[in-house]
Structure formats: structure tokens, C-alpha cells
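**Student:**
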Amino acid sequence: MWKNDNFFIGLLATLLVTLGASALVIFGGPWIYRLFSQYQPENKLLLIAFAPGILLMRWYMRKLKFTKAGGGALVIVFLFVILYFVFIDGKPFSIYFY
């Protein structure tokens with residue numbers, strides 16, 4: 002099912018991967034960050050969560066030649082990056098649970 006050239010398959014796969022990576026960064030990031038620094042993590046650490054979606058998009062477009070699924074993945078990655086910069090970057094709150 003995940004290897005179909007379908008826009009919605011690429012959209013759903015990238016959405017699941019990006020949300021899962023975001024949850025890992027939000028809940029596990031502060032614990033790992035404290036191993037290397039005495040300070041609390043910044044919101045910029047969330048940008049790491051977009052990497053699996055970008056890799057999935059590249060895999061769909063370059064390796065499998067699925068342009069429709071790669072387009073769906075591109076939409077999700079682009080949307081999440083825009084939402085990050087509009088709602089989270091530079092704001093005076095922290096997204097992490099301590």
C-alpha cells in the first residue's frame with residue numbers, strides 16, 4: 002500500500018513520519034539535550050523532526066520515481082515548515098515538557 006504512486010499515500014506517509022518524529026523530539030529532546038548542555042533546549046530543535054519527511058520525499062521522487070506521492074510528501078513538509086516559522090519560531094514560550 003505504501004509503494005503506490007498516489008498523492009494521498011505520500012501525504013499520509015509523510016504526515017505520520019513527521020508527527021512521529023515531532024513527538025520523539027518534543028518528549029525525548031529535553032532528556033537527550035540535558036546530557037550535552039546545562040540549559041533548556043530551544044524551539045529550534047524541532048526542525049530536526051522535519052528530516053524524516055524530507056528523506057521520505059526524496060525516496061519517493063528519486064528512488065521510486067513516484068512523482069505524485071513525492072508531491073504529497075512535499076506539500077506536508079512545506080506546510081509544516083511554514084507552520085513552524087509562523088507559530089513557533091521566535092515566540093516567548095517553549096514547546097517542550099519538562
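First residue of the sequence shown? That's 2 in this note's numbering, and the numbers climb one at a time after it.
Beta carbons are placed, not taken as given, at the ideal position from N, Cα and C, and that holds for glycine.
(1) Give me, in chain order, the residues of the same chain whose beta-carbon lies closer than 6 Å to that of residue 67; leave out the 5 immediate sequence neighbours on both sides.
(2) I need the boundaries of the alpha helix (DSSP H) containing residue 95, first residue and last residue.
(3) In angstroms, rounded to a whole number, what distance separates the CA positions of residue 84 and residue 37?
(4) So is residue 94 in contact with chain C if we call contact Cβ pairs under 8 Å?
(5) Where does residue 65 sit, in a helix, a strand or coil, going by DSSP?
(6) Assuming contact is defined by CB atoms lying nearer than 8 Å, are residue 77 and residue 54 in contact in what I supplied?
(7) If you check the beta carbons only, do residue 89 and residue 27 fall under 8 Å apart?
(8) Look up residue 7 in the DSSP assignment and say whether it is helix, strand or coil.
**Tutor:** In short:
(1) 6, 61
(2) Counting along the chain, residue 95 falls outside any alpha helix (DSSP H), and DSSP gives it neither H nor E.
(3) 28 Å
(4) Looking at the structure shown, chain C is missing, and only one protein chain is on hand.
(5) coil
(6) yes
(7) no
(8) coil
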